[in-house]
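Asks: Order-wise, the sequence lines are chains A and B.
Each residue of the first sequence is one higher than the last, beginning at 1 in our numbering.
Each residue of the second sequence is one higher than the last, beginning at 250 in our numbering.
Virtual Cβ for every residue (Gly too), placed ideally from N, Cα, C.
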Amino acid sequence: MMTTDAAAPFAPSSLPRTPSRTLSVVRMQLINRQTYIWIPLIILGGAFLLALAVYAMLANAGVTGPKYGGGAQAPLWYFGVVGIQALTLTFPFSQAMSVTRREFFLGTLLTAALTSSILAGIAVVGGLVERATDGWGVNGWFFGLPWMWEAGPLGALLVNFVAAMLFFVIGFWAATIYKRFGGIALTFVLVGIGALLIAGMWLIGRLDAWASVLGWFSTVGVVGLSLWGLVLAAVLAAIAFLTLRRAIP
Amino acid sequence: MTDVIEVRNLTKRYRDTLAVDDVSFTIQKDTIYGLLGRNGAGKTTVMSILTAQNFATGGEIRIFGEQPYENTRVLRRMCFVRESQKYPDDAKPHHAFHAASLFFPNWSQELADRLIDEFQLPVKKRIKKLSRGQLSAVGVIIGLASRAEITFFDEPYLGLDAVARQIFYDRLLEDYTEHPRTVILSSHLIDEVANLIEKVLVIDRGHIVMDEDTDAVRDRAANIVGDADAVESFAAGREVIHRESLGRVTSITVLGALSADDRERLAVAGLDVAPVSLQQLIVRLTQHTRGDAPIDTVPTPDEGALR
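(1) Suppose you measure from the CA of Ile452 (chain B) to the CA of Ile193 (chain A); what does that come to, to the nearest Å?
(2) Beta carbon of Met165 (chain A), beta carbon of Ala199 (chain A): below 8 angstroms?
(3) Rounded to the nearest angstrom, what separates Ser24 (chain A) and Gly107 (chain A) at their Cα positions?
(4) Going along the chain, which residues of the stretch 145-178 of chain A sit with their C-beta nearer than 7 angstroms to a C-beta in chain B?
(5) I need the straight-line Cα distance from Ala163 (chain A) to Ala386 (chain B), nearest angstrom please.
(6) Is the CB of Ala240 (chain A) under 8 angstroms away from at least one CB in chain B?
(7) What residue from B:Pro371, B:Trp356, B:Ser350 and B:Gly314 has the CA that sits closest to Lys341 (chain B)'s CA?
(8) For chain A, check one thing: does any of its Cβ atoms lie closer than 8 angstroms to the Cβ of Glu319 (chain B)?
(9) Is Val305 (chain A) buried or exposed, if buried means 16 or more other CB atoms sit within 10 Å of its CB?
(10) Using DSSP bridges, identify the partner residues of Ala340 (chain B).
(11) If the cut is a Cβ gap below 9 angstroms, which residues of chain B does Ser218 (chain A) touch?
(12) I need the straight-line Cα distance from Thr426 (chain B) to Phe353 (chain B), nearest angstrom please.
(13) Does Ile544 (chain B) come within less than 8 angstroms of chain A when only Cβ atoms are used?
(14) In the DSSP assignment, the alpha helix (DSSP H) including Leu119 (chain A) goes from what residue to what residue?
(15) Using only the alpha-carbon positions, how far apart do Ala518 (chain B) and Leu285 (chain B) sit?
(16) Give me the residue from B:Leu364, B:Pro429, B:Asn444 and B:Ser436 with the minimum Cα distance to Ala413 (chain B).
(17) Can Ala345 (chain B) and Ser395 (chain B) be called in contact, C-beta distance under 8 angstroms?
(18) Note down the Cα distance separating Pro66 (chain A) from Trp141 (chain A), rounded to an integer number of angstroms.
(19) Strictly below 7 angstroms CB to CB, what residues from chain B border Ile31 (chain A)?
(20) Would the stretch 216-225 of chain A and the stretch 144-151 of chain A be scored as touching if the rule is three or more Cβ pairs under 8 angstroms?
(21) Rounded to the nearest angstrom, what separates Val26 (chain A) and Trp173 (chain A) at their Cα positions?
(22) Does the beta carbon of Met201 (chain A) come closer than 8 angstroms to any beta carbon on chain B?
(23) Going by Cα to Cα distance, which pick from A:Gly80, A:Leu41, A:Gly70 and A:Ala185 is closest to Gly54 (chain A)?
(24) Using the beta-carbon of each residue, which ones in chain A are nearer than 7 angstroms to Leu504 (chain B)?
(25) Which of the three DSSP states, helix, strand or coil, is assigned to Ala59 (chain A)?
(26) With burial defined as no fewer than 16 other Cβ atoms inside 10 Å of the residue's Cβ, what is the status of Asp403 (chain B): buried or exposed?
(27) Compute the distance between the beta-carbons of Thr306 (chain B) and Lys261 (chain B), then report whether it is under 8 angstroms.
(28) Would you please verify whether the beta carbon of Pro429 (chain B) is less than 8 angstroms from any beta carbon of chain A?
(29) Between which two residues does the beta strand (DSSP E) carrying Arg492 (chain B) extend?
(30) Counting only C-beta atoms, is Met57 (chain A) closer than 8 angstroms to chain B at any point?
(31) Going along the chain, which residues of its own chain have a beta-carbon closer than 8 angstroms to the beta-carbon of Val253 (chain B), five neighbours each way excluded?
(32) When you compare only the Cα positions, how much space is there between Thr187 (chain A) and Ala240 (chain A)?
(33) Closer than 7 angstroms by C-beta to Leu109 (chain A): which residues in its own chain qualify, once you throw out the five before and the five after it? Chain order, please.
(34) Between Arg539 (chain B) and the rest of its own chain, which residues show a CB-CB distance below 8 angstroms, the 5 nearest in sequence each way excluded?
(35) So Pro504 (chain B) packs on Ile490 (chain B), CB below 8 angstroms; how close in whole Å?
(36) My guess is that Val474 (chain B) and Ala509 (chain B) are in contact by the Cβ rule of under 8 angstroms, so how many angstroms apart are they, rounded?
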């Protein structure tokens, strides 16, 4: 019954070997640049202009001290949503494109890394300009929050990159759990993680260890924290991949 | 003939239902198959397992002699756009076609452009805003223009009007003639695709109940119409899968090819012989009430039941 005939003809002429379908997944994700590039930039730009307007109003009102805003995190939340949609919508589409789950996973993470780098690059350039102009002339700080810049521009680049990646991976990871095991399972997992965090906090309090925990955070610094964030992202990505391997579009 | 797909003892069990039950069949190279059956018969499940989008509970499948799961060599030679296909958020049809051109080695942009024109598909409108028919057109265009060696169409005509459906059938046949490939078309508009398909695979409640050449299927049964007594005397000893009476006139559908002898007998008795349409035959073979009534005791068929 087995015909070897059908297996044999991988004639190079009829089947040109595409360089890498993983890179094609990156191109597929970026065909519509709106999702990965324009919208995050619009969010970041919008948040920046709003913050600047507020700083200007405060400066007009005579507030001369440094003004800090957390608006630079705005695109991160959107990255979480993109991570979710990459799985719920783009994964089924990639299956129709005859892409393997592995190619889809690697290509999608590569796309996220690429766009996270762009976002981090913009944040660092913004931060440098911010420093050069002493907070846009109004002592207002949007990109250059002191703790992020304590290790200089490279540290800031790293922490911005890791933050964007982490948000994306969390969204992607949660969506794979949802896709594979359903909403109830995801809820249990999230509640379970919440319970573990609370239990951890209780334990720290019980051991009277808050001072040393907070001390650890300050000694590890922005670079150390970013690297731990990268470890967490890698673990979540690995879980997402193992879950995705048996997911049905 | 080379087999491009081999399926042995394929089983798919969902929590409480057996969607595919120990099914075995093969699919030949460069042939158009009709995968027919009622809604929920297991058509989409079989196609998703063959393309490694879904997983079998048991059994074995071989595509081009290989196992398809996570196998780029095999997958890139196949195309399966689902009837309920999802697309990336904010994607427009031209984005989807661009993506397809990246992944299908034989993609024909020329054919895609022509089909876009013929289906009058708005390529710059967001896919989630398209009508059901336009959504089907996107899937049909990807399926045809990908020119994949094995192409699956999963009820591709949903929401398409008669003109658009005819365009699909015509272009499929035309492009198939120029670029032979294996096509597996799932449908329940059986008579519409009857002239297109060379082989019939009928799946019913997870079982393959028919796996034959379309021409052979047509000869499998005949309608006999005429005077009730004459019809009944002819029917004696034959397998009657359907019977209808109106006054003195009875119409029966008998299984089995008619011999020359039979035809002579029918002529002498003044009975008319009419061919059974593929749809009629399949309706009658797959018709059952909720229980498991034998085929020939089921009352009047309702062709709409298959819709």
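Replies: On the basis of the coordinates in this document:
(1) 45 angstroms
(2) no
(3) 8 angstroms
(4) none
(5) 41 angstroms
(6) no
(7) B:Pro371
(8) yes
(9) With chain A represented from 1 up to 249, any question about residue 305 (chain A) goes unanswered, as that position is not in the structure.
(10) Answer by DSSP bridge pairing: none, since Ala340 (chain B) is not bridged.
(11) In chain order: nothing, as chain B lies at least about 40 angstroms away.
(12) 19 angstroms
(13) Bear in mind that a pLDDT of 42 at Ile544 (chain B), under 50, signals an unreliable position, so the number given afterwards is only what the model happens to contain. Not one chain A Cβ lies under 8 angstroms of Ile544 (chain B).
(14) Arg101 to Ala132
(15) 36 angstroms
(16) B:Leu364
(17) no
(18) 7 angstroms
(19) His344, His347 and Ala348
(20) yes
(21) 19 angstroms
(22) no
(23) The question names Gly, but residue 54 (chain A) is Val in the sequence shown. That would be A:Gly70, whose Cα lies nearest to the Cα of Val54 (chain A).
(24) Going along chain A, no residue has its Cβ under 7 angstroms from Leu504 (chain B), so there is no contact; the nearest lies around 29 angstroms.
(25) helix
(26) buried
(27) yes
(28) no
(29) Val489 to Leu495
(30) no
(31) Ile276, Gln277, Lys278, Ile312, Phe313, Glu398, Ile399 and Thr431
(32) 16 angstroms
(33) Ala237
(34) Any reading at Arg539 (chain B) is ruled out, since the residue's pLDDT is 47, under 50, leaving its predicted position unreliable.
(35) Rather than Pro, the amino acid found at residue 504 (chain B) in this sequence is Leu. Rounded, the Cβ-Cβ distance is 6 angstroms, consistent with contact.
(36) Val474 (chain B) to Ala509 (chain B), Cβ: 20 angstroms. No contact.
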